[in-house]
Amino acid sequence: MGRTWEKSRNTTPRPRGADLKVIKRDFTTTPELLITNPICNNVDFFSIVRDFDEKEYCFANSGSMSFYMPNIYKICPGNNQGYVSYTPASGGYYTSSVVGPVIPGTTCFFFGMNVTVTGVTIY
Numbered sequence: 001m002g003r004t005w006e007k008s009r010n011t012t013p014r015p016r017g018a019d020l021k022v023i024k025r026d027f028t029t030t031p032e033l034l035i036t037n038p039i040c041n042n043v044d045f046f047s048i049v050r051d052f053d054e055k056e057y058c059f060a061n062s063g064s065m066s067f068y069m070p071n072i073y074k075i076c077p078g079n080n081q082g083y084v085s086y087t088p089a090s091g092g093y094y095t096s097s098v099v100g101p102v103i104p105g106t107t108c109f110f111f112g113m114n115v116t117v118t119g120v121t122i123y
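Note that my numbering has the sequence shown beginning at 1, numbered continuously upward.
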């Protein structure tokens with residue numbers, strides 16, 4: 001014979017208040033490391049640069065971000081270490097070498113062609 005819902009519900013262990021506090025405490029004290037997209041006003045940021053207008057896109061903090069940005073020709077890591085995922089015009093999906101941090105912060109790495117960047121990861 002199977003158990004009825006009422007009997008099962010009464011014998012199911014319920015979390016105690018102390019258990020819930022521990023879970024809540026762990027969740028609220030865990031830092032979130034999320035990549036951000038700040039205004040490019042500092043050579044310390046990880047950045048990618050678009051070819052035809054020299055538009056710079058900057059990133060800060062640890063994490064990964066997916067997006068679509070065509071016509072990128074260089075990576076400037078600043079004081080960060082990271083890489084980009086990209087697609088050249090010939091097709092395929094690639095990951096750049098891990099670059100940075102660099103001194104001086106204005107040092108950049110060139111693709112040798114324009115690529116479409118599809119993601120940035122900063123350590």
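Note that CB positions come from ideal geometry on N, CA and C, so glycine has one too. Note that the coordinates shown come from a computational prediction; the quantities given were computed from them, not determined experimentally.
| Asked | Found |
| --- | --- |
| Tell me the start and end of each unbroken beta strand (DSSP E) in the segment 49 to 122 that is at least 3 residues and wholly inside, in chain order. | 56 to 59, 63 to 76, 82 to 88, 109 to 122 |
| Ignore the nearest five residues each way along the sequence and tell me which others in Tyr68's own chain have a CB closer than 7 Å to its CB. | Thr116, Thr118 |
| Within the same chain, show all residues whose beta-carbon is closer than 6 Å to that of Glu56, passing over the 5 residues directly before and after it, in chain order. | Cys40, Ser47, Val49 |
| Distance, Cα to Cα, Cys108 vs Gly100? | 9 Å |
| For a quick check, are the C-beta atoms of Tyr86 and Tyr94 less than 8 Å apart? | yes |
| Closer than 8 Å by C-beta to Met113: which residues in its own chain qualify, once you throw out the five before and the five after it? Chain order, please. | Tyr73, Pro88, Ala89 |
| DSSP state of Phe46, grouped into three classes? | strand |
| Taking the alpha-carbon positions, what's the Val84 to Thr121 distance? | 6 Å |
| Apart from the five residues on each side of it in sequence, which residues of its chain come closer than 6 Å, Cβ to Cβ, to Ala60? | Thr36, Pro38, Phe45 |
| Between Tyr123 and Gly82, which are expected to be in contact by the criterion C-beta below 8 Å, what is the C-beta distance as a whole number of angstroms? | 6 Å |
| Among Asn71, Ser96, Asn80, which residue has its Cα nearest to the Cα of Val102? | Asn80 |
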